[in-house]
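Okay, so here's the structure we're looking at.
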Amino acid sequence: MELKFNNVNYKAKLNNVNITLNSNKINGIYNYNSFIKVLANPKFIEGGTISIDNKTYHKYDPRIIAIVDKDMPFYTSKVIDEILFYSKVRGYKSRNMKEEINTLLEKFYLDPSILKRITPSLSDTEKYFIKLIANLIYRPKIIIFKDIMSGMDYRNKKIIKKLIEELKEQGVLVILTSFNSNILYELTDEVVIFNKGKVLISGSTNEIYSNIEILLNNNIDVPYFSLLTYKANKEKGAHLFYRKDVRDVIKDVYKSVS
Amino acid sequence: MNNILEVTHLTYAYNDKTIFHDLQFSIKKETINLLLGTNGSGKTTLIRLLSGILSSNENISIDHIKLNKQNIRKYMLSIGVVFFDDPNRFLFDNVLDELAFPLENLNYKKDVIINRIYEIRNILDLQNCLNKKISELTYYEQVKVLIGISIIHKPKIIFLDNPFSKLNDTEVKKVFKILNKIKKDTTIFITSSSLEQILLFDDVIVMNHGSILIHDHPKSVLQHDNELSKAGFIIPPMIDLSLKLSFYGIIDDVITDVDRMVDQLWN
Chain U
-15 MELKFNNVNY KAKLNNVNIT LNSNKINGIY NYNSFIKVLA NPKFIEGGTI SIDNKTYHKY
45 DPRIIAIVDK DMPFYTSKVI DEILFYSKVR GYKSRNMKEE INTLLEKFYL DPSILKRITP
105 SLSDTEKYFI KLIANLIYRP KIIIFKDIMS GMDYRNKKII KKLIEELKEQ GVLVILTSFN
165 SNILYELTDE VVIFNKGKVL ISGSTNEIYS NIEILLNNNI DVPYFSLLTY KANKEKGAHL
225 FYRKDVRDVI KDVYKSVS
Chain B
7 MNNILEVTHL TYAYNDKTIF HDLQFSIKKE TINLLLGTNG SGKTTLIRLL SGILSSNENI
67 SIDHIKLNKQ NIRKYMLSIG VVFFDDPNRF LFDNVLDELA FPLENLNYKK DVIINRIYEI
127 RNILDLQNCL NKKISELTYY EQVKVLIGIS IIHKPKIIFL DNPFSKLNDT EVKKVFKILN
187 KIKKDTTIFI TSSSLEQILL FDDVIVMNHG SILIHDHPKS VLQHDNELSK AGFIIPPMID
247 LSLKLSFYGI IDDVITDVDR MVDQLWN
């Protein structure tokens, strides 16, 4: 699965954007607003093309691209109705619908009794998981997680992390969007950094977050540990490596200080 | 007495499931408070109880006004509440109508309303958003407008449910500058599942399984980092690093600012 932007221009919000996102990598998008808007309204493209597996993409099709958004209101008042509604609108039918729903519920450690509850009684994370299930069940080929992980605790973060890995193995194109660089650093293999409608830089996440000068010059949020390493090396002449894990950072700092 | 909010023996159950059992705490005047709880631990439910949306057993009082049927009007006038994750958090399509509505509803005169909106504009730096439509606002501006709406009738305390989850560090710090201006008149009670901004608060309540685990100053709360991780909280990277480095005796404070950390370490 490959999503390709070829010289895309959109309402002065995207300028000659060229990117290729591939399903064998977990992709991150920083400053994602226009990126999501253009995928949801491809008919407003003013130049260039978007293609999915070399086929031009000119009409939004939720069966291909699912956008999972915490802020989307519920369409119905009961959890089970909400899940079935998504499948109905997307034209997905299955004889084993009940089992499929239950397998997904298990993945999120939710009790099947949740299906009978009314949507306003759900907690925010439960709401998010139900929206995810409603989208996962009809098996879209591309899933965009809008503002992933915001407000999640340790347990739920682990659940989402596992889900992302599974989706990648199944060949689904996973796109994580966030304004938080620490989250993108932790979860993605490749990242696209948008700045003022242009692609500032794109490529391997590890490389981008270990050459942060260009990000700093453009006032873009950088991961804490990258910034620490950069400043220690530049201002204090320390010799730290760029690390993701706090334990590695501590070892490096300990060696450097003592 | 310098407590503004008192909760005594609060019990609440939903569908036979006990959510709070004998909950007790109080909030001091002129402070910014954080209620920390993992996802689904009942933070929003507690705010609904405190703001009278869900009915409880007469165990909540604000400035000695008990929340019950007789006092409900007086009680409601002394609080403000915003649920930031509610997709229907705005009623109108422009900022001015939003700000004016609570006061129009209370039959205030037009010039009083206009004056109060100007006051709010100055407190919250809303100069650029006052004449905008809601759909033209960034999320950060939306947060400021919502806080403005919640304090427009000069309540004694405001409850803000999960305001920071979609803001970046700089934006949160700017919001705190505003909150520190507000807190002299209005005590602030904020819920979150993240410890990221914990040091900016005056007091922190950590909730776990419907009861209070810790109620203390932020730095003292962080001394319980093992308990917090066990309860399911994520210790943010810089706080984690600080705590571990101070365990090895390399630094002696919790530092979240990268510049300060670098200066302390390589002095």
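In order, the protein sequence lines correspond to chains U and B. Each residue of the first sequence is one higher than the last, beginning at -15 in the numbering used here. Each residue of the second sequence is one higher than the last, beginning at 7 in the numbering used here. Glycine included, C-beta positions come from ideal geometry on N, C-alpha and C.
In the three-state scheme derived from DSSP, where H, G and I count as helix and E and B as strand, Ile10(U) is classed as coil. Shown here, Thr14(B) sits in a strand according to DSSP, grouped into three states.
For Tyr(-6)(U), the uninterrupted beta strand (DSSP E) run begins and ends at -14 to -6, by DSSP. Using beta-carbon distances, Asn174(B) counts as an interface residue toward chain U, with a partner under 8 Å.
Here the segment 19 to 38 of chain B lies against the segment 206 to 225 of chain B, with 3 or more beta-carbon pairs under 8 Å apart. Shown here, Asn2(U) sits in a strand according to DSSP, grouped into three states. In the three-state reduction of the DSSP assignment, Glu197(U) falls in the helix class. Under the Cβ criterion (8 Å, minimum of three pairs), the segment 47 to 61 of chain B does not count as touching the segment 94 to 108 of chain B.
Between the alpha carbons of Leu166(B) and Leu211(U) lies a gap of roughly 31 Å. Annotation for Ile102(U): no beta strand (DSSP E) segment contains it, and DSSP assigns it neither H nor E. The C-alpha of Ile36(U) lies about 6 Å from the C-alpha of Lys(-12)(U). Within the segment 213 to 255 of chain B, the beta strand (DSSP E) runs of at least 3 residues that lie entirely inside it are, in chain order, 217 to 222. Beta-carbon to beta-carbon, Tyr193(U) and Tyr226(U) are separated by about 7 Å, close enough to satisfy the 8 Å threshold. At least one CB of chain B lies nearer than 8 Å to the CB of Arg139(U).
At a Cβ-Cβ threshold of 8 Å, Lys172(B) and Asp131(U) count as neighbours.
Note that the C-beta distance between Phe113(U) and Phe92(U) is below 8 Å.
Between Ala(-4)(U) and Gly181(U), the alpha-carbon positions lie close to 7 Å from each other.
Checking the DSSP bridge columns, you'll see Ser198(B) partnered with Leu42(B).
Contact annotation: the segment 94 to 104 of chain U does not touch the segment 23 to 43 of chain U, with fewer than three C-beta pairs closer than 8 Å.
Exclusion of the five residues before and after Ile119(B) leaves Ala106, Leu109, Glu110 as the residues of its chain whose Cβ lies within less than 7 Å of its Cβ. Closest option to Lys35(B), judged by alpha-carbon separation, among Pro224(B), Ser198(B), Asp191(B), Leu132(B): Asp191(B). Residue burial is scored here from C-beta neighbours: Pro243(B) has at least 16 other C-beta atoms within 10 angstroms and is therefore classed as buried. In the structure shown, Glu174(U) adopts extended strand secondary structure according to DSSP, grouped into three states.
Taken through DSSP and simplified to helix, strand or coil, Ser47(B) comes out as coil. With the rule of 3 Cβ pairs closer than 8 Å, the segment 87 to 94 of chain B counts as touching the segment 152 to 170 of chain B.
By the rule that beta-carbons nearer than 8 Å mark a contact, Tyr238(U) touches chain B. Leaving aside the five residues that flank Leu116(U) on each side, the residues in its chain whose CB is nearer than 7 Å to its CB run, in chain order, Val52. Residue environment for Val212(B): buried (at least 16 other C-beta atoms within 10 angstroms of its C-beta). With the criterion set as a beta carbon lying under 8 Å from some beta carbon of chain U, the members of the segment 261 to 272 of chain B are Val264, Asp265, Met267, Val268, Leu271, Trp272, in sequence order. Within the segment 43 to 94 of chain U, the runs of alpha helix (DSSP H) that reach at least 4 residues and sit entirely inside it are, in chain order, 63 to 73, 81 to 91. Ile159(U) sits close to Ile126(U), with the two beta carbons spaced by under 8 Å.
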